[in-house]
Amino acid sequence: MKIKKLQIVGFKSFVDTTTVHIDHDITCVVGPNGCGKSNIVDAIKWCMGEQSPSRLRGKHMEDIIFSGAEGRGPHGFAEVTLTFDNRDGLAPAEYSEYAEIQVTRRLDRQGNSDYLINRTPVRLLDITNLFLWTGVGKRAYSIIEQGRIGFIVTSKPEDRRSMVEEAAGISKFRLSKRAAERKMDQTRQNLLRVTDIIGELERSLASLKRQAQKAERYKRYKKEMRDLDLWVASHRFLELRGQMGSVSACLSKASEDMQASRHAMIAKEASVEAERVSLLQRGSEVERGQTHAYELDNSVRQLEGLIRQQQDRQAALTERKDLANRELRQLEVQREGLHVEASTVRLSLSELEALETEAGQLLAEVEAELEIRKNAAEEADLALRNARAGLAEGRARVAGSEAVLEGYDARREEIRGRLERLQDELQGLTAREVEFKQQRGELEARTHGLRSGKSETAERHAEIEASLSTGKEALHHADSDVDALRETLAVTSSRLRSINEIHERFEGVGAGTQAVLTGYSSAAGDASRSGLVGLVADRLECAPEHVRALGAALGGALEYLLVSDTESALRAADYLAREEKGRATFLPRSPTGAPRVVPQFPTGMGIVSPLLSLLSYSHADDAWVRYLLFDVLVVDSLQTAARLHRDGFQGKLVTLDGQALLRDGAVVGGAKDESAAHLLRLKREIRELEESAASQGAALEQAIANQGRLRSGIAEGQAAIDSARVQAHDAELEILGAERDLRIVEMELQRIDDRRSEIARVEVEGRGALSQVDVDEGNSRRQLTDAEHDVTHAEEAVQVAESVLTTRRGVVEEQLTKATEVKVGATQSRERADRERSVIGQLDRAIAELDAREERLREDVAITDRDQGQAAGRILLHHGRLSETAHEAALARQALSSQRAGFDDAQTQLGVSEAALKQLRSSIDVQSAELNELTLREREISLSLEHLEEQVQDKHRVELAYVIGDHHARPVPGDEVTARAEELQRLVDRMGEINLTAIEEYEENAQRYEYLTGQRRDLEDALTKLDKAIRQMNRESRALFREAFAAINERFKRIFPMLFRGGKAELRLTDPQDILETGVEIVAQPPGKRLGSLELMSGGEKALTAVAMIFAIFQYKPSPFCLLDEVDAPLDEANIGRFAEAIQQMTDRSQFIIITHSKRTMEFADVLYGVTMEQPGVSKLVSVELRGDKRPISQAVEAAE
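According to numbering that gives the first Met the number 0, the sequence shown is numbered sequentially starting from 0.
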């Protein structure tokens, strides 16, 4: 079963799927410290079933799952798969047919763990059994971890023995032996419990038998009572059913009558409803008639109003026509006057037009000369305007230059003001910078303080959590203690209750004694009135070893009833005789008769003591105790008793085991009789159980109090954790707030720096701008001088142009005056002509207007005539419609009167119908009352039947209907049946309390007794078989261990000098007489040294000695593979060479996986795996096959890494 392949996913630092092919004889794994080499060893051990997190270098099993690294999140599970080559068939029988065996183990963060063999889910036990007998396993000698090589030498001999046991193949025997021993312990405990139960059953069977017989009698009585009760109930049921039939017939008849009345009422209601509907319809018709008559009357009034309206309109049209005719006549007169005036004006216009033509010719000549003069004046004016424009331009240049010069001063003041403001802002920025720096310091100090407080809170939280974890663990233990104590107390209390019940029922004593103890005292009222003191057995106490002796001495007297005097005894005996409850023996507390003289008791060998000296009892019981036991002597055996009797001792002799030699020489002996001692043991056991229950109860109360304190502590701790969490959260918020404020302050400081730089830049620009203003001002002053010179020249040109213009304008004015005179004359002529033309136009328009007005008036007259005709037609039409509508209104009034009369008749008929319906309803109410009465009677009978059925069901658990057939043919029960039922009830009442389950309990207990007796035999046989099997395993284990130890020792003696180049060593047993428990010591003497303690050897010598022992074991029983984790670390180069050569010699039988840092060891490897961490926390594997590789090992190592 060599390893072929190892596959790892999510295990420790191997987060990605990593496959290691181990199909060579020697495989080396190399890499720097901390890269995860040893995780490969842990993965193999974990997959083979390792359950201890500490052996996997962790605190919890979940620590093996990759927990995350920089840039890599945590993994959800860890999985390791080992593939074994099983071609040699070394696997157990169920897997021997597989050429490969694949073992897988998986664990997720929820703690779910899975084991698989060939992808089939299995148990951890199956994994363990797979590697038994093979020399491999999670803790076998085939896996040597870091530091374990030295442990082999320095460990205790008993621990070192396990390696030899593994090689000898007795580990499985040891496991089987432990399982057998655990099973034997369980079997013994079961046997003890079964024996106790059998004892209890033996004591309770007799009592249960008597109770079962009583229960049988009770059941016979109850059966007869049930028969009588069902007989009476059946006839009562039949009687009620007869009454039910009669009432049902009457109810049916009344229901039919009621139904007929209801049908009649429904028909009448329908008729009344129809009459109501008809009345409503008539009412609607009356309303419609009223509406129609009103509408017709309204129409008559409307038509009369329309006629009056048309008549008024016709009169207005006549008046309008008369007015139009009068206006037409006036227009004709006006038109004739206007035509005469127009002829006169046209004649005057012809004369004026001739004068206008002459004036126009003269004006044209004058205006031509004027135009010439104006052109000359305009040229002079243009020259003046040009001169003035030049002057204005010059003056504008002067004003502009002056304005620019004035702006320079304002600009200079503006720049200086801005620079001053910048200086003020700079001072403000400096003050704010100081303030913000102070705030920054305060915030940094506050943040540091808050972080320190947060760290302290976190530490306090961790301390509280640790304390809380400890408290929870203590609470878990306390809960376990409370549960255990409660269980123990429950067992004790249950046992105490059971024994108390047995004692209170006085089981094991005669029936008469039981009757007196249970019934007589209650009949008498109390114990003092009855004179009963108690049972003799209850008044005496002794040590457990003297119980059988006391039972033998008293015998049946243990069941004597102790009474206060003889009269009490007589009354009690009379009670038993009267009630026929058996017999009992009564002993007065002060017996009468001759006084008993205590004899002279002998002493010597075999004599224990007089029995009186071994008892404890009340002083008030001294008389009757001495009366019964005054001469009883306890001896060790019947032989001693016989000897004393022969020697003349006249008293009663009893032995410790319950045998007796009576005064007359009769011998009482044989098998042990526990019946007499049972009463004594029962009392003692009750007292012991009460004391045990009290102590257990006190311990339980103390444990519960401790549990409460722990719960309170945990609650306080949880509250403290919650408070710490709140404080931590608040501190985190304060830290975030302080950091946010700090960032804000830093941003403000940065803004201040940026603004200061900006101000410096602006100041430089401002100073440059001031210099530029001075330069620009000089240029502007030069431009002002040039502009003033140009203005002087322009003023001179303006004066010359003004003189020329004045002269030319004078000439133009003269010519203009002349032209004006001519133009005035012409204008006057034209205006007069225009006035005449205007008058002609006005006259023409007035004539046209008169014509248009005349036309409109004539059209108006025509329209008026037409409207008068239409009005006359409408009046005729409205008169016709008025006549028709008046006739229709009269007819509508007549119809309305008829409808109102019909409505009144219908309303009267509806009143009559409603009265009849009301009478019919009253009749139905009477019938309904009768029907309800019959229904109530039927319900009463039904309830009686139901009550009778329920009573039978509750009392006898049977349906009455099912048993009527058994009793209805029987005669009606009479008084004798009632008398018999009462007699049976009295018999049942006198029987007192009945244990109806006693029959089943007796049968069950009898069967259980037989079953438990068989179980006891089976358990005894099982103990015998287990003991035999353990002895057989011990014999085989001894033989195998001796054989393996001798063979390994011989090989160790050979290998040690080979590795050390001399010296000697051997293995010794610490206890050769106890092969099963002996330890194994190593005695070694390296060459050139004296034999001494292994502790004085160097680290390399210890390692080499351990290697010699491992190789000796491997030579005796080679393991399919061997895993060595930095075993060669303590060895020097020479020893490493010998170590590697020894490994190479064993590769024909075993496969070696070596984790090493030694290049010398690497030289012997067939394949080299390098483990690196390119990414922190994540292991990566690379491989280099060295077989046939001639490169130096250093190059190979570099290639692997």
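The C-beta atom is built at its ideal place from N, Cα and C for all residues, glycine as well.
As the structure is a prediction and not an experimental result, all values here were calculated from the model.
Close Cβ partners of residue i (< 6 Å) along its chain, the five nearest in sequence each way excluded
i: M243; result: I940
i: A167; result: L1039, F1040, A1043
Nearest-angstrom beta carbon gap, residue j and residue i [assumed within contact, 8 Å]
i: R755; j: L421; result: The pair is not a contact, with the Cβ atoms about 10 Å apart (cut-off 8 Å).
i: A514; j: A997; result: That belief does not hold up - the Cβ atoms of A514 and A997 are roughly 17 Å apart, past 8 Å.
i: K453; j: A730; result: 5 Å
i: G668; j: G550; result: Contact doesn't hold; Cβ gap of about 13 Å is too wide.
i: I64; j: F76; result: 6 Å
i: A292; j: L895; result: 5 Å
i: M47; j: F130; result: 6 Å
i: I1135; j: I143; result: The pair is not a contact, with the Cβ atoms about 15 Å apart (cut-off 8 Å).
i: I1154; j: V19; result: 12 Å between Cβ atoms; not a contact.
i: Q309; j: R857; result: At roughly 25 Å, the Cβ-Cβ gap does not stay under 8 Å, so Q309 and R857 are not in contact.
Which of helix, strand or coil DSSP assigns to residue i
i: S608; result: strand
i: F648; result: coil
i: F13; result: strand
i: T1146; result: coil
i: E700; result: helix
i: V971; result: coil
i: S66; result: coil
i: L337; result: helix
i: Y293; result: helix
i: F1040; result: helix
i: A1164; result: coil
i: A526; result: The pLDDT assigned to A526 is 49, lower than 50, so where the model puts this residue is not dependable; a value taken from the coordinates is nonetheless given after this. It is helical.
i: V803; result: helix
i: H1212; result: Lying before the first or after the last residue shown, residue 1212 is absent from the chain, which here runs from 0 to 1200.
i: Q658; result: coil
i: S1157; result: coil
Pair within 9 Å by beta-carbon distance, residue i and residue j
i: T456; j: I734; result: no
i: C249; j: L933; result: yes
i: K1; j: F1055; result: no
i: L327; j: E853; result: yes
i: V29; j: G1169; result: yes
i: Q6; j: T82; result: yes
i: L632; j: F600; result: yes
i: T1104; j: V152; result: yes
i: P1231; j: Q649; result: There is simply no residue 1231 to check, as the chain begins at 0 and stops at 1200 in what is shown.
i: A1276; j: L553; result: Absent from the structure is residue 1276, since the part of the chain shown begins at 0 and ends at 1200.
i: T487; j: Q695; result: yes
i: A1164; j: H23; result: yes
i: L278; j: L890; result: no
Residues near residue i in its chain [Cβ-Cβ closer than 7 Å; skip 5 each side]
i: Y1115; result: A166, A1043, A1046, I1047, R1050
i: A1198; result: Because the pLDDT at A1198 is just 45, under 50, the model does not fix this residue reliably, and the value given afterwards should be weighed accordingly. Only V1183 meet the Cβ criterion.
i: I169; result: S1036, L1039, F1040
i: P587; result: V562, D564, T565, A568
i: V14; result: F65, R71, H74, V1177
Cutoff 8 Å; reference residue i; Cβ partners in own chain excluding five residues on either side
i: T884; result: L295, S298, V299, L302
i: A341; result: I839, L842, D843, I846
i: G879; result: none
Contact test: residue i Cβ vs the ligand MG heavy atom, cutoff 8 Å
i: A1045; result: As for the ligand MG, it is missing from this structure, which has no ligand bound.
Jot down the residue ranges of each uninterrupted beta strand (DSSP E) in the region 549-627, minimum 3 residues, whole runs only, in chain order.
560-562, 585-587, 606-609
If we require 4 or more residues per run, which alpha helix (DSSP H) segments fall completely within the region 920-966?
959-966
Runs of beta strand (DSSP E) wholly within the region 223-284 (minimum 3 residues, chain order)
none
Go through the region 1060-1105 residue by residue and report every complete run of the beta strand (DSSP E) that reaches 3 residues or more, in order.
1063-1068, 1079-1084
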